[in-house]
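Protein chains: 2
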Amino acid sequence: MTGATLDDVARAAGVSRATASRVVTGHGPASPQTRARVAAAVAELGYVPDAAARALVTRTGTRLAIAVIGHTAAVLGDPYVGRVLTTAAHVAAAREVGVSLHWLPLNDPGSLARLAETRGLGGLVVVNPTRPALDTVPRSLRGRVAAIGVGTPDVPSFDVDNRTGTDGVVRHLVTTGRRHIAMVTGPSWLPCGDRAVEAYRRVMHSCGGEVRVVPGNFTAARGAEAAVEIMARWPDTDAVFALSDLTALGVLDGLHALGVQVPGDVAVAGFDDIAFAGLSRPALTTSTHPVEDIAEAAARAVLDRGRVQRATFYPSRLVVRESA
Amino acid sequence: MTGATLDDVARAAGVSRATASRVVTGHGPASPQTRARVAAAVAELGYVPDAAARALVTRTGTRLAIAVIGHTAAVLGDPYVGRVLTTAAHVAAAREVGVSLHWLPLNDPGSLARLAETRGLGGLVVVNPTRPALDTVPRSLRGRVAAIGVGTPDVPSFDVDNRTGTDGVVRHLVTTGRRHIAMVTGPSWLPCGDRAVEAYRRVMHSCGGEVRVVPGNFTAARGAEAAVEIMARWPDTDAVFALSDLTALGVLDGLHALGVQVPGDVAVAGFDDIAFAGLSRPALTTSTHPVEDIAEAAARAVLDRGRVQRATFYPSRLVVRESA
DNA sequence: TACATACATGGAAGCGCTTCCACCGCAATA
DNA sequence: TATTGCGGTGGAAGCGCTTCCATGTATGTA
């Protein structure tokens with residue numbers, strides 16, 4: 001009803017179904033004559049191969065699933081995630097595999113396993129997974145799963161080198177004379193932030209500064225709150241480093257509302273180098289990372305399935321603008 | 325190899341395939357005993373139904389495709405698109421239908437038709453389509469297609485009311501004493517901008533101002549360029565309205581580089597009310613629209629398939645901040 | 001005890017497609 | 001003329017699943 005089947009095409013072209021299939025897929029021999037007649041029938045009937053039936057017999061899983069973990073609104077609003085999706089979709093398109101997008105709740109570990117188990121999956125790229133969630137993925141399937149963020153021994157991960165990235169930013173703050181540096185982290189369930197906090201701690205330790213960490217969640221709103229908290233708790237703070245540009249922008253806002261001058265009174269630095277970082281006033285000092293490279297590597301890892309590497313970290317580069 | 329089949333489950337449970345299927349789908353009678361044994365077998369073998377095979381026989385198309393038209397990097401970088409995707413994915417998830425994401429090139433009209441023709445499609449939401457592209461969609465399928473942006477008589481569309489939205493912003497500029505107002509449009513292939521330009525023209529006409537339109541493309545980079553162009557061409561310009569916040573932010577940047585004071589010398593207004601609009605310095609005056617409502621309505625339209633409405637426009641509301 | 005009724009179950013068909021295999025005719029070779 | 005090789009073709013199997021239908025097997029009623 002909905003559409004013509006291969007049988008209809010074969011009948012219309014006066015050939016067998018096998019021949020019609022060969023012509024449509026281009027997978028076997030066929031005389032130019034036959035080819036033309038089948039093509040004509042296809043055009044006339046508006047034939048479109050049934051993806052399900054084809055997948056059933058070819059057993060080819062030509063779909064790249066991208067799972068984004070965490071609360072959706074905040075997460076997709078995040079330009080970082082957008083860049084990941086765009087790139088992964090590109091890599092997939094180049095290989096003619098479809099892309100499916102999935103929002104997985106943070107607190108339903110089973111959801112990732114269910115997704116991974118879907119047959120006919122070419123690969124699965126998980127954005128910002130937790131390690132327990134990754135562990136729910138059946139062992140046999142781990143070869144076709146890659147993580148952007150934290151990984152496991154079985155699941156290769158691709159991520160920014162938060163440690164040296166943070167180190168670079170915080171050191172820059174120290175170099176420019178700041179000593180009372182506070183840090184706004186990411187959501188606690190995102191383990192990738194741990195390395196960043198550690199790097200921050202280390203720098204503060206080496207320069208004798210006090211460790212001042214407040215929790216964040218990668219949103220601008222939280223940044224504004226955090227700024228107020230920080231200034232209330234440690235009034236002598238002269239720099240704030242946020243592990244997300246969005247949050248840093250929020251900090252800028254919060255500080256502005258407080259009447260604090262940036263960078264005069266307090267320097268502010270972010271992390272990610274989103275498109276807006278250069279547009280804020282003052283323009284945000286931050287650290288830029290090769291998100292596209294990371295996403296591409298992850299997509300390739302599951303689609304081309306070479307040898308499995310453990311965890312790959314990509315360098316982040318300090319971008320000095322006005323805010324610090 | 326990859327996974328157990330229903331036959332394996334049936335064998336393991338000592339029942340027929342038909343019975344196993346009934347238990348798994350929950351679609352027929354089965355004794356508690358049998359049920360338990362099949363369940364055990366499923367658990368032990370890690371059985372997961374093959375989606376392709378199931379789709380083949382049930383003929384159920386449970387997938388919502390979201391096609392985004394236009395150059396990908398710029399488009400997904402756009403927070404607007406991100407909000408649309410998030411919402412549509414939510415609506416789909418609530419109905420337990422999968423989501424697939426597609427980047428369609430601007431100049432390949434056939435690509436949309438091919439996507440729409442895919443069997444087993446629950447619905448298709450097209451973001452920012454062109455009318456010609458929509459016309460390539462086979463008539464029989466149009467009932468399950470909705471557009472966000474421009475539509476056709478056969479394809480319902482959901483969009484912001486650019487006309488009154490623009491009217492509101494430009495009138496605000498006039499009210500606050502601006503007379504030499506320039507406008508930066510969206511990409512020329514996006515017809516939704518036409519109504520906005522028309523509204524702008526009308527306001528300028530009614531207040532005797534000169535019409536100053538320069539092309540934009542919804543990016544910040546273009547906004548910065550456009551600002552320079554505008555000030556070079558019409559040095560007495562005292563306000564700039566950009567049909568995208570991203571572009572307006574770029575205008576802010578370009579003006580700043582030129583040493584022009586905002587809003588002192590030139591007022592700037594945007595459109596969309598993205599998250600950053602309130603964070604820029606000066607905070608951006610813009611117009612906010614119910615993107616989530618729009619995306620939800622579009623997704624619902626194709627998924628729930630009620631009566632087809634023509635085109636629905638959602639009101640946009642002026643948000644006055646510092647820049648104008 | 002004989003019957004209808006309900007429920008549980010297995011057999012088998014078939015969804016639309018790809019692909020192995022056998023076949024047929026034709027040209028090239030012996 | 002008999003043989004080989006090969007491109008083109010159709011028959012048929014089968015991918016994993018759902019579901020109609022027929023066949024039992026326990027229950028309730030006459």
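Protein chains in written order, with the working numbering: chain S, 1 to 324; chain P, 325 to 648.
The beta carbon of each residue, even a glycine, is placed where N, CA and C say it ideally should be.
Item                                                                                                                      : Value
Integer-rounded CB distance, given that T500 (chain P) should sit under 8 Å from Y677 (chain P)                           : Within the shown structure, residues of chain P are numbered from 325 to 648, placing residue 677 (chain P) beyond reach of any answer.
Selection from P:A391, P:L380, P:E620, P:R383 that minimises the alpha carbon distance to D483 (chain P)                  : P:E620
Where V392 (chain P) falls: helix, strand or coil (DSSP)                                                                  : strand
Inter-residue spacing [alpha-carbon to alpha-carbon] between L369 (chain P) and H351 (chain P)                            : 21 Å
L448 (chain P) and V423 (chain P) closer than 8 Å at C-beta                                                               : no
Whether D272 (chain S) touches S244 (chain S) by CB criterion (8 Å)                                                       : yes
Chain-ordered neighbours of G422 (chain P) on chain S, where CB pairs are closer than 7 Å                                 : S100
Interfacial residues, the stretch 585-617 of chain P to chain S, with Cβ spacing under 8 Å                                : A599, F600, G602, L603, S604, R605, P606
Minimum Cβ-Cβ distance from P456 (chain P) to chain S less than 8 Å                                                       : no
Contacts of P129 (chain S) in chain P (Cβ-Cβ under 8 Å)                                                                   : Correct list: empty, because the minimum Cβ distance to chain P is about 18 Å.
Environment of H529 (chain P) [buried if 16+ CB atoms lie within 10 Å]                                                    : exposed
Helix, strand or coil at H496 (chain P) [DSSP, three-state]                                                               : helix
Contact list for A93 (chain S) against chain P, beta-carbon separation under 8 Å                                          : W427
Buried versus exposed call for G574 (chain P) [16 or more other C-beta atoms within 10 Å across all chains shown]         : buried
M325 (chain P) burial status per 10 Å Cβ neighbour count (16 or more: buried)                                             : In this prediction, M325 (chain P) has a pLDDT of 45, which is less than 50 and means its spatial position is unreliable; nothing more can be read from the coordinates.
Sufficient close CB pairs (3 or more, under 8 Å) joining the stretch 451-466 of chain P to the stretch 606-617 of chain P : no
Straight-line gap, V84 (chain S) to Y314 (chain S) (C-alpha atoms, nearest Å)                                             : 14 Å
The stretch 233-248 of chain S in contact with the stretch 33-52 of chain S per 3-pair CB rule at 8 Å                     : no
Backbone CA spacing between H90 (chain S) and D518 (chain P) [nearest angstrom]                                           : 30 Å
Local conformation of Y80 (chain S) per DSSP, three classes                                                               : helix
Paired residues, beta bridge with W103 (chain S) - DSSP                                                                   : S:V68
Supposed close pair V174 (chain S), V127 (chain S) - CB separation, criterion 8 Å                                         : The pair is not a contact, with the Cβ atoms about 32 Å apart (cut-off 8 Å).
C-beta neighbour in chain P for D8 (chain S), strict 8 Å                                                                  : no
For V643 (chain P), the first and last residue of its enclosing alpha helix (DSSP H)                                      : Where V643 (chain P) is concerned, there is no enclosing alpha helix (DSSP H), although the beta strand (DSSP E) it sits in stretches over 641-643.
Same chain, Cβ closer than 7 Å to D485 (chain P), five either side skipped, listed in chain order                         : F637, Y638, P639, S640
Contacts of D159 (chain S) in chain P (Cβ-Cβ under 7 Å)                                                                   : None at all; the shortest Cβ gap to chain P is about 20 Å.
Start-to-end residues for the alpha helix (DSSP H) that takes in L258 (chain S)                                           : 245-258
For L409 (chain P), three-class secondary structure by DSSP                                                               : helix
Alpha-carbon spacing of A520 (chain P) relative to L430 (chain P), whole angstroms                                        : 22 Å
Through-space distance from R624 (chain P) to A354 (chain P), alpha-carbon basis                                          : 36 Å
Within 7 Å of chain S by C-beta, residues of the stretch 364-396 of chain P in sequence order                             : G370, V372, D374, A375, A376, A377, A379, L380, T396
DSSP state of V615 (chain P) mapped onto helix, strand, coil                                                              : helix
Partners in chain S for A544 (chain P), counting only beta-carbon separations shorter than 9 Å                            : A275, F276, G278, L279
Chain-ordered chain P contacts of L112 (chain S) [CB-CB under 7 Å]                                                        : Neighbours of L112 (chain S) on chain P: none; closest Cβ ~14 Å, over 7 Å.
Strand pairing of F271 (chain S), partner residues [DSSP]                                                                 : DSSP output for F271 (chain S) lists no bridge partner at all.
Counterpart residues of V213 (chain S) in DSSP-defined beta bridges                                                       : S:M183
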